[in-house]
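To start, the structure itself, in structure tokens.
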Amino acid sequence: MEDNYIHKGKRRQLVDLMRDKGITDSKVLDAMNQVPRHLFLDSSFLEHAYKNKAFPIGADQTISHPFTVAFQSQLLELKAGDKVLEIGTGSGYQCAVLLEMKAQVYTIERQNELYKKTNLLFRKLNYRPRKYVFGDGYKGLPEEAPFDSIIVTCGAPEIPQTLLGQLKIGGRLVIPVGSDPQIMTLIVRESATDFSKETFGEFRFVPFLGGKN
1 MEDNYIHKGK RRQLVDLMRD KGITDSKVLD AMNQVPRHLF LDSSFLEHAY
51 KNKAFPIGAD QTISHPFTVA FQSQLLELKA GDKVLEIGTG SGYQCAVLLE
101 MKAQVYTIER QNELYKKTNL LFRKLNYRPR KYVFGDGYKG LPEEAPFDSI
151 IVTCGAPEIP QTLLGQLKIG GRLVIPVGSD PQIMTLIVRE SATDFSKETF
201 GEFRFVPFLG GKN
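The following block contains the structure:
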């Protein structure tokens, strides 16, 4: 699994593009400069790995645009050691970025084919989420709650109450809400019962489905 100076040069260019597009969190930019995105893609897309494009990864899923990954990661406002729940592991790229940001990541994937494939990749690349679960993202991980942040990488028709209940006070939920396109939404838990909400424009995601497959 090669990661050579050409790949690293293209990563630097991608990071410069993210900066030009308004990403200012140095932790996000540094993390994206470390993660070999080309290794999270099918080999037929290798030449295009560091373009700001989404690609299919099997099981009707995609790896998100790098800008989407950067934007969601920035909204989390992570500190080293923060406990993060990711809904929709997919290719594992977003999880790898969070791990490079020194988060403790708990991640759930509902597609068994992707779960197995990404588990293998994590092992090869030495990325170690705190917990990697084959399961239903709508349920979250109540046994590990509460979380500093929750990130959802698929489009939800509405905000799941189960996930809100798994946030710490002060915790942040970043989730795309609605049908195609979705509205990127940030929910902050202000108290046991109060939540604030902010929206950030249109994005496109595969749908957030319940159950596991």
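So for the sequence shown, the UniProt record's numbering puts the first residue at 1; every next one is plus one. The beta carbon of each residue, even a glycine, is placed where N, CA and C say it ideally should be.
Taking the straight line between their C-alpha atoms, what separation do you get for residue i and residue j?
i, j, result
"Ile23", "Gly171", "21 Å"
"Ser64", "Lys53", "7 Å"
"Leu141", "His38", "30 Å"
"Asp136", "Leu121", "21 Å"
"Asp3", "Gly9", "10 Å"
"Glu77", "Gln111", "28 Å"
"Asn33", "Ala192", "37 Å"
"Asp60", "Pro66", "19 Å"
Applying the criterion that 16 or more other CB atoms from any shown protein chain within 10 Å of the CB defines a buried residue, is residue i buried or exposed?
i, result
"Leu41", "buried"
"Lys27", "buried"
"Asp16", "exposed"
"Arg11", "buried"
"Ile187", "buried"
"Gln13", "exposed"
"Glu158", "exposed"
"Ala80", "exposed"
What did DSSP end up calling residue i once you bin it into helix, strand or coil?
i, result
"Asp30", "helix"
"Gly137", "helix"
"Ala59", "coil"
"Val35", "coil"
"Tyr5", "helix"
"Phe205", "coil"
"Glu70", "The amino acid occupying residue 70 in the given sequence is Ala; Glu does not appear at that position. DSSP places Ala70 in helix when its eight states are reduced to three."
"Glu47", "helix"
"Tyr127", "coil"
Thinking just about the alpha-carbon of each residue, which of the options is nearest to the one in residue i?
i, options, result
"Glu144", "Val152, Cys154, Val133", "Val133"
"Ile151", "Lys10, Leu98, Met32", "Leu98"
"Asp20", "Ala192, Phe200, Ala49, Ala70", "Ala70"
"Gly88", "Arg128, Pro146, Gly155", "Gly155"
"Val177", "Tyr5, Val188, Asp194, Thr153", "Thr153"
"Pro36", "Asn126, Leu167, Gly210, Ala59", "Asn126"
"Thr162", "Leu85, Gln74, Met1", "Leu85"
"Gln104", "Asp82, Leu14, Met184, Asp194", "Asp82"
* Asked: If you scan the region 168 to 195 from start to end, which runs of the beta strand (DSSP E) of 3 or more residues do you find wholly inside it?
  -> 182 to 189
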